[in-house]
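Participant:
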Amino acid sequence: MCAQHASDWKKFGVSTWIKFQVNSDPDESIFQPLIPWQHSIRHPFYGKIQNSAHDYMLVIGWETEKIYDTFRLSTDYQKLMANLTTDTAPDIQVIVFGNKMFGIRLTPDTELLTVYWPISTTPETQDAIWKLKKLVHTSASGIINQHHYKKHPCFGWIEGNQTWNGQPVLASVWLHGWKNDESEQKFKSTQGRSVWKGSELTHPLAVDVFQHDLRSLGALGWESTHMPLQLIKLIDEDAI
């Protein structure tokens, strides 16, 4: 199932988020099957998922959906999956972002916020979800030139139905590239947002307003995944 706008965004490429397990820091040689495709991919990153003993994430942006589909049918794909398989097979999610340059937000403190929605969520509500005010600084904060993030968050949809508490759901994501953990925590604990309550102007935390907006649109729940991502250097040793 393609969520609202996702079918149009796919024309500008898709991204794959591959969770895999290893017992120690992986050698980048396991990513060598990507080398023949390096001119067709953007933002190849990987990193260890925080608060997890053995889980890592491999992030790849593909120039077009067709190129990714071709890759999936190739022996290079089979080799990559074999390299990423231990006792547990890799888990692959395709995320379609509204901005093909999503990768410029990937930092040593990358946060992927996944929000789950009823499968019956209407196109109108999906459109409203996309247009939700993101977690960004505002002029009211007085620190507009002291951003705690690399770029504004990037919105996307996970392709296909997902599962939340045993039920099929839709899932959207907001990709945050915080400058560091301290900046993230400071933003979330101090950044306010001006909100009118009747005739009174209040200043609750931006994160509280954002979560309230999610619930108002019918969000079933959400989870945050943090990853200190680093760029993969795809070097063809045979060409050196």
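Residue numbers (numbering that gives the first Met the number 0): 0 to 239. For glycine and all other residues, C-beta sits at the position ideal for the given N, C-alpha and C.
(1) DSSP has L230 in a bridge; who is on the other side?
(2) Under the rule that 16 or more other beta-carbon atoms within 10 Å means buried, what is A52, buried or exposed?
(3) According to DSSP, is R104 helix, strand or coil?
(4) Express the C-alpha separation of Q31 and S223 in angstroms, rounding to a whole number.
(5) Around the Cβ of T87, are there at least 16 other Cβ atoms within 10 angstroms (buried) or fewer (exposed)?
(6) What's the call for R192, buried or exposed, on a 16-neighbour Cβ count within 10 Å?
(7) DSSP state of T15, grouped into three classes?
(8) Roughly how many angstroms separate the alpha carbons of Q190 and H202, rounded to a whole number?
(9) Note down the Cα distance separating W177 from D108, rounded to an integer number of angstroms.
(10) Which partner residues does Q210 have in the DSSP bridge list?
(11) So, V172 versus L105, is the Cβ gap smaller than 9 angstroms?
(12) Whose C-beta lies closer than 7 angstroms to the C-beta of A127 among residues of the same chain, with five residues either side of it excluded?
Facilitator: The answer reads as follows:
(1) Residue numbering aside, residue 230 sits at position 231 when the sequence shown is read from its first letter. Note: L230 sits in a beta bridge opposite F44.
(2) Here residue 52 is taken as the residue at index 53 of the sequence shown, counted from 1. Exposure of A52 is indicated by the presence of fewer than 16 other C-beta atoms within 10 angstroms of its C-beta.
(3) What you label residue 104 is simply residue 105 of the sequence shown in a count that begins at 1. R104 falls in the helix class under three-state DSSP.
(4) Position 224 of the sequence shown, counted from the first residue, corresponds to residue 223. Position 32 of the sequence shown, counted from the first residue, corresponds to residue 31. For S223 and Q31, the distance between alpha carbons rounds to 29 angstroms.
(5) Translated into positions along the sequence shown, residue 87 becomes position 88. Label assigned to T87: exposed.
(6) Along the sequence shown, read from residue 1 onward, the residue named residue 192 stands at position 193. By the 10 Å Cβ count, R192 comes out buried.
(7) In the sequence shown, counting from the first residue as 1, residue 15 sits at position 16. Residue state, collapsed to three classes: strand.
(8) Position 191 of the sequence shown, counted from the first residue, corresponds to residue 190. Position 203 of the sequence shown, counted from the first residue, corresponds to residue 202. Going by the C-alpha atoms only, they are around 9 angstroms apart.
(9) Taking the first residue of the sequence shown as 1, we reach residue 177 at position 178. Taking the first residue of the sequence shown as 1, we reach residue 108 at position 109. Those two C-alpha atoms are separated by around 5 angstroms.
(10) As a first step, residue 210 is located in the sequence shown; it is residue number 211 there, counting from the start. Paired residue(s): none; Q210 is not in a bridge.
(11) Within the sequence shown, the letter at position 173 stands for residue 172. Within the sequence shown, the letter at position 106 stands for residue 105. Result no, Cβ atoms of V172 and L105 do not sit closer than 9 angstroms.
(12) As a working note, residue 127 is residue 128 in the sequence shown. Cβ within range, chain order: L216.
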